[in-house]
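Enquirer: Got a structure here, written out as structure tokens. Questions coming.
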Amino acid sequence: MDRKGVAILALIVALIAMGIGWFSSGSKPNESIPYDNTYEWTEIFHGYEAYLDRRISYSVISGTSMEPTFGEGDVVLWVEVEGENLRVGDIIIYKHPTRPGYDNIVHRIIEVGMTYGEYRFIAKGDNLSEPDRNWIPEGNVHGLVIGVIYAAEFHG
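Taking the working numbering, the leading residue of the sequence shown gets 155, the next gets one more, and so forth.
Here it is as structure tokens:
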């Protein structure tokens with residue numbers, strides 16, 4: 155890898171490292187997320203290490219369903235993963251199974267199931283009182299959110 159490639163990789167790793175605070179300490183600085191699937195820093199580090207050999211994609215958050223974890227304008231970084239690697243508590247980006255045009259929803263997995271050999275998921279926005287009504291087939295999941303770059307309005 156040439157110097158430019160190394161510099162770009164280092165920048166991506168630094169951006170991910172700056173944005174992962176919501177995995178361990180909360181959604182924004184000094185806030186906590188009330189769910190059971192918390193991670194040790196070492197597990198997070200090794201998880202990112204495993205995903206760095208993949209293409210990292212990004213999407214801009216629109217809406218408030220994931221507040222306070224993510225807000226309007228935040229940029230989430232995600233990677234493609236197999237359904238077998240997803241678990242309760244993971245945040246995914248997916249295409250709604252029954253509503254055309256809802257192609258990049260970002261919600262947290264609250265239930266994992268399997269039908270006819272295919273994984274399926276129930277997800278819920280952190281700011282919503284009810285989970286999504288439809289099971290999300292594995293084929294509708296674009297990827298696993300691995301980081302966030304918070305929009306400037308949240309910092310000051």
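For every residue, glycine included, the Cβ atom is placed at its ideal position computed from N, Cα and C.
As the structure is a computational prediction, the values presented were derived from the model and not from experiment.
Among residues of its own chain, excluding the 5 on either side of Pro285, which ones have a beta-carbon nearer than 6 Å to its beta-carbon?
Expert: Ile264, Ile276, Lys278
Enquirer: Please state whether DSSP places Gly293 in a helix, a strand or coil.
Expert: helix
Enquirer: In terms of DSSP beta bridges, what is Val302 paired with?
Expert: Val230
Enquirer: Let's test the definition: count the other Cβ atoms within 10 Å of the Cβ of Ile241 and tell me whether it reaches 16, buried, or not, exposed.
Expert: The residue you asked about is not Ile; residue 241 is Arg in the sequence shown. With fewer than 16 Cβ atoms within 10 Å of its Cβ, Arg241 is classed as exposed.
Enquirer: So is the beta-carbon of Asn239 under 8 Å away from any non-hydrogen atom of the ligand ZN?
Expert: In terms of ligand content, the structure shown is empty, and the ligand ZN therefore cannot be addressed.
Enquirer: When the Cα atoms are used, what is the spatial distance from Thr269 to Arg208?
Expert: 28 Å
Enquirer: Report all residues from its chain with a CB closer than 7 Å to the CB of Thr281; omit the five preceding and five following residues, and keep chain order.
Expert: It is Asn, not Thr, that sits at residue 281 in the sequence shown. Excluding residues within five positions, the ones whose Cβ falls inside 7 Å are Thr218, Ser219, Met220, Glu221.
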